[in-house]
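Okay, so here's the structure we're looking at.
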Amino acid sequence: MRKSPRYLCSEGFGSCVLTIGKQVLELESINYSHDGIALFNIHPFPDCKEFTISFSYKADNEEIRIEQLPCLLIHMRDTESGELLGAAFRLEQATTAQLNDLIRIEEHISGKSAE
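Mapping the sequence shown onto the working numbering, position 64 (from 1) lands on 1275, and the numbers just tick up by one.
Put into structure tokens, the structure is as follows:
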């Protein structure tokens, strides 16, 4: 069971960039919470359990950037058009600023979904 509700990613999300060693991948975000994110990739995902993620979110007139946040791959599922990935943010390794920004993004999305 998830720790918190997930919210559909809106057009406010920029591309998610995953770094796995020296490899860099750009994936599409699907849903989000302050403790994890679901992603979509049309190409096969490398065999790994940990990576970092960077993404931006436009909240009204402000862009919130998350850079090189450590993540843990929780699940992966093949579909006809690509792979769905579930990632947990490694909150214990995040900076205070990253934690605050993750929560701000969730608050903004949840407020928009309530409208």
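The C-beta atom is built at its ideal place from N, Cα and C for all residues, glycine as well.
Could you spell out where the beta strand (DSSP E) holding residue i opens and where it closes?
i	result
PHE1251	1247-1252
Looking only at its own chain, which residues have a Cβ that is under 6 Å from the Cβ of residue i, when we skip the five neighbours before and after it?
i	result
HIS1245	LEU1313, ILE1314 and GLU1317
HIS1286	GLY1297
GLU1278	SER1265
Would you decide whether residue i is buried or exposed? Buried here means 16 or more other CB atoms lie within 10 Å of its CB.
i	result
CYS1259	exposed
HIS1319	buried
GLY1247	buried
ALA1308	exposed
In this structure, how does DSSP classify residue i when only helix, strand and coil are distinguished?
i	result
THR1263	strand
ARG1301	coil
ASN1272	coil
Here's a check: name, in chain order, each residue in its chain whose Cβ is nearer than 7 Å to the Cβ of residue i, leaving out the five neighbours to either side.
i	result
PHE1224	SER1240, PHE1266 and TYR1268
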